[in-house]
Structures are given as structure tokens and as C-alpha cells.
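A.B. asks: Structure provided below as C-alpha cells; questions to follow.
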Amino acid sequence: MFSEDFKEKMMFEFRMMIREEMEATLQGTYVQIQQLPPFLTKEELKKLLRIADTKASALLARADFPVLREAGVLVPSHLFIQWVEANTQWIDLNTGLAPHSLKALRPIKPYVL
Numbered sequence: 195m196f197s198e199d200f201k202e203k204m205m206f207e208f209r210m211m212i213r214e215e216m217e218a219t220l221q222g223t224y225v226q227i228q229q230l231p232p233f234l235t236k237e238e239l240k241k242l243l244r245i246a247d248t249k250a251s252a253l254l255a256r257a258d259f260p261v262l263r264e265a266g267v268l269v270p271s272h273l274f275i276q277w278v279e280a281n282t283q284w285i286d287l288n289t290g291l292a293p294h295s296l297k298a299l300r301p302i303k304p305y306v307l
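The opening position of the sequence shown corresponds to residue 195 in our numbering, with each subsequent residue numbered one higher.
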């Protein structure tokens, strides 16, 4: 019914619309990994993800979530970023972009807690 050229063009246009909407929605939320503290506290994690206490507790209780409890509740930043990339399937399934390629969407803003 539709040519392959048309399908590819429509898919590209759809991806661009998704990208623009993601950029608008996430305006100012990108974090430069080097600017994260080595360990995130529960409060910093909540602020970073913009989640409430209940969701943060559920996340910290996951068996696959990187958390150190020996010195309170601390999340190693580098392991947190790896966990996010490993668990972000929506981007791959719905946009064709790998999580690490999100950096190409727009410049990274500084992280401020």
C-alpha cells in the first residue's frame, strides 16, 4: 500500500516528533555524570528522579538496584547510571535509540542538588 520510502520517511518524522516532545518534557533534567556525587543519598536520588518517598523506597528495595546499606542508604552513582541504562527498554523499543545515545538529543545541563 505505501512505498518503503514513504514508510521510512514517516518513521523518521515520528522519531523526530518523539525526540522533540522528550526534549520539551525533560528540559533541564539531563545530568552530567561527572557532576554527580560519588554516592547518592535517598534524598538526592528522590530529587534526581523527581519521585516521592514511597517510590524511592520501592526502588531501593529492588534486588537488582545498586545500594549500599553498610553506611546508611547510599547509591553508587556510576552503578546507578549503569542500572538505568540496563533497565531503560522503552527507549529502544519505541524510538530505536539506545540509552547511551540520548546524549545526542541536546546539550547536558549541570547537575544541581
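By construction, the Cβ of each residue, glycine as well, lies at the ideal position given by its N, Cα and C atoms.
Please read these numbers as outputs of a predicted model, since none were measured by experiment.
(1) Does the Cβ of residue 287 have 16 or more other Cβ atoms within 10 Å, making it buried, or fewer, making it exposed?
(2) Are there three or more Cβ pairs, one per stretch, closer than 8 Å when the stretch 201-213 is compared with the stretch 233-248?
(3) How many Å lie between residue 210 and residue 232 at the Cα?
(4) Please specify which runs of the alpha helix (DSSP H), each continuous and at least 4 residues long, are wholly inside the stretch 205-255, giving them in chain order.
(5) With a threshold of 9 Å between beta-carbons, can residue 248 be considered close to chain B, or not?
C.D. replies: For this structure:
(1) exposed
(2) no
(3) 34 Å
(4) 236-243 and 247-255
(5) In the structure shown, chain B cannot be found, because there is only a single protein chain.
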